[in-house]
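Peer 1:
Residue numbers (full-length UniProt numbering): 1 to 645.
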């Protein structure tokens, strides 16, 4: 089956080239024509299309708002939060703070946070943009940059005045409607545009009716949907929605929900939005204003009640939550409403990017399975992405990874925590074996700390890896330091909660895979053992110098994950590619130094131990091609140690 899919269409190495090279562009286009059918419609739809489809299907959905953190460490924390990896928001939006250099390349800028959410977290994202303190040229420049970075959605706002009163922008725009017109004039239909609605009327509007007319102007100028300002009573929004419909506004209108989380945050938000808190809410909050837990519980109850009434009305399908970057209350509300998806279906076995140019991407080497952000970073200059098959490329051009400091590539754990997990002091190679073993087992290390991440994986073990936990523990204790693995799977349903991916009604398959660092002594014995498994096991062994041994025929890629789905060609999203492995090798070895050795003082025994492993160990990958049979890789390892003994 797999061989048939590999010959279903032709691919050229030109489809994976450095940006700026135009050679081979025609063959790249030809390749995309013979691609496999789209697995996940969400990746190919515009945001407004997703909304319409969900609305027509009667689905309930939600979205989340975040603001750019003030520090780089807070940015690391934000993009690694579980709420950005789970739950299943239709989109998130990122606010625009004029005082925070929002259009810059700073890791805390609105632009870069939004770009990171799209490219590295795979989230549909709306970037706010305001008219405040910006010329027409400034705004055009920001929009061009947003387009270049792969952002497709803009929330067009006038913005809050820098002082008490709005000052005329001589070379800019003074109303959101002018910004909407400018976006449509300069960028045609590239961006989906969102605008703000005010259920009680804008505080500066002449009247509620006048504000509705202004909203209609924004929609008729080219806005695709509306997100409202927060409100405190469901009837306020429902009346607003009916009033909008009565004057001809037919685009989606999404209610903005603010779960009250604390007394001071409520006062601050009310001050900014110039809203009046209903007396019945004040009466409850004032007596408990110093009890954050009590206020949060009340805020959750109030939000759940209001959201249920909105959803039950039949007029509301989506809810937009103002999180203030504190999503605990929002998550609780969504769970109680039954629209928080605890385990969203995976369209592919790996984390997808939402960047428009990666929409057709459906094949990757397995080596970056636990470091998808690094893979995306190193392939960001590619013009085209593998679709349908990896191809027989002899030179995929991976960018070098030198920017370990970039906030979306850094560990979310501070140095102090990493030292507690990986050892304040290492005394031998066996100390390193122990760290790997504790990561696998989940047991505390000798100092009582759990190892929840490693340089090659900044997260706890995947549920799929738990299927191999016992065997992985045994081999790590003996110096087979595993950094990637998968079990063999022979036709599990695509809906399987652990190994499933892709649309319902399909079946998924995997070859057993094991990747690890180990000593030269073990490698010598392993090579002798592998002769007995020559036809069954593919292997690739390499050291930091690039000296490598492989039995991969003609450096051909080997499909190790594939799926069969109704009415589609076979999909093979994960491969072991011998050429890409050499690019991964550089990164995998460098992580010993960049992430681990540099925690210690130069010339210290701990640093010298990590340096020794980096200089002398080998990186090995093994594939058991007989996936219907019991995984033989554990026997290969066992035979290796028997030979050593």
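The beta-carbon is built from N, C-alpha and C at its ideal position, and this holds for glycine as well.
Helix, strand or coil for residue 637 per DSSP?
Peer 2: helix
Peer 1: DSSP beta-bridge partners for residue 646?
Peer 2: With the chain covering only 1 through 645, there is no way to say anything about residue 646.
Peer 1: For residue 128, which three-state DSSP category applies?
Peer 2: strand
Peer 1: Would you decide whether residue 171 is buried or exposed? Buried here means 16 or more other CB atoms lie within 10 Å of its CB.
Peer 2: exposed
Peer 1: Considering only residues of the same chain and omitting the five flanking positions on each side of residue 340, which have a CB-CB separation below 6 Å?
Peer 2: 87, 334
Peer 1: Keeping to the same chain, check which residues put their C-beta closer than 7 Å to that of residue 193; ignore five residues upstream and five downstream.
Peer 2: 154, 156, 180, 183, 222, 223, 224
Peer 1: Leaving out five residues before and five after residue 320 in sequence, what residues of the same chain have Cβ atoms less than 6 Å from its Cβ?
Peer 2: 63, 227, 254, 256
Peer 1: Quick check on residue 39: buried or exposed, where buried means 16 or more other Cβ atoms within 10 Å of its Cβ?
Peer 2: Because residue 39 carries a pLDDT of 49, less than 50, the predicted location of this residue cannot be relied on, and the following value inherits that uncertainty. Flag for residue 39 reads buried.
Peer 1: Pick out whichever of 293, 540, 135 has its Cα sitting closest to the Cα of residue 517.
Peer 2: Selection 293, 540, 135 evaluated against residue 517 yields 540 as nearest (Cα-Cα).
Peer 1: Going by DSSP, what residue range makes up the beta strand (DSSP E) through residue 253?
Peer 2: 253-257
Peer 1: Please specify which runs of the alpha helix (DSSP H), each continuous and at least 4 residues long, are wholly inside the stretch 468-543, giving them in chain order.
Peer 2: 469-477, 520-530, all fully within the stretch 468-543.
Peer 1: How many Å lie between residue 432 and residue 72 at the Cα?
Peer 2: 30 Å
Peer 1: With which residues is residue 558 paired in a DSSP beta bridge?
Peer 2: 576
Peer 1: For residue 598 and residue 607, I'd like the C-alpha separation in whole angstroms.
Peer 2: Between residue 598 and residue 607, the C-alpha separation is close to 7 Å.
Peer 1: Would you grab the beta carbon distance between residue 252 and residue 51 for me? Rounded to a whole angstrom, and I think it's under 8 Å.
Peer 2: 5 Å
Peer 1: Evaluate contact between the stretch 575-583 and the stretch 550-567, counting only Cβ atoms and requiring at least three cross-stretch pairs below 8 Å.
Peer 2: Contact between the stretch 575-583 and the stretch 550-567 is present, because at least three Cβ pairs lie under 8 Å.
Peer 1: Please return the same chain residues whose Cβ sits closer than 7 Å to the Cβ of residue 641, not counting the five positions on each side in sequence.
Peer 2: 478
Peer 1: Would residue 649 and residue 624 qualify as a contact pair, given that the criterion is a beta-carbon distance under 7 Å?
Peer 2: The shown model of the chain, from 1 to 645, leaves out residue 649, and the question about it has no answer.
Peer 1: Between the stretch 90-107 and the stretch 291-302, do three or more beta carbon pairs fall short of 8 Å?
Peer 2: No, because fewer than three Cβ pairs between the stretch 90-107 and the stretch 291-302 fall closer than 8 Å, the two stretches do not touch.
Peer 1: Using the DSSP secondary-structure output, state which residues sit across from residue 62 in a beta bridge.
Peer 2: 319, per the DSSP bridge assignment.
Peer 1: Rounded to a whole number of angstroms, what is the C-alpha to C-alpha distance between residue 427 and residue 610?
Peer 2: 10 Å
Peer 1: Considering just the uninterrupted stretch of the alpha helix (DSSP H) at residue 366, what are its terminal residues?
Peer 2: No alpha helix (DSSP H) contains residue 366, which DSSP labels as neither H nor E.
Peer 1: Would you kindly work out how many angstroms separate the C-alpha atoms of residue 444 and residue 476, rounded to a whole number?
Peer 2: 16 Å
Peer 1: Taking 7 Å as the threshold (C-beta atoms), are residue 127 and residue 114 in contact?
Peer 2: yes
Peer 1: Which partner residues does residue 247 have in the DSSP bridge list?
Peer 2: None, per the DSSP bridge assignment.
Peer 1: Please return the same chain residues whose Cβ sits closer than 6 Å to the Cβ of residue 315, not counting the five positions on each side in sequence.
Peer 2: 241
Peer 1: Give the straight-line distance between the Cα atoms of residue 331 and residue 47, rounded to the nearest whole angstrom.
Peer 2: 22 Å
Peer 1: Can you tell me whether residue 93 is helix, strand or coil according to DSSP?
Peer 2: strand
Peer 1: Compute the Euclidean distance between the alpha carbons of residue 681 and residue 262, then round it to the nearest angstrom.
Peer 2: Look at the range of the chain in this structure, 1 to 645, and you will see that residue 681 is not part of it.
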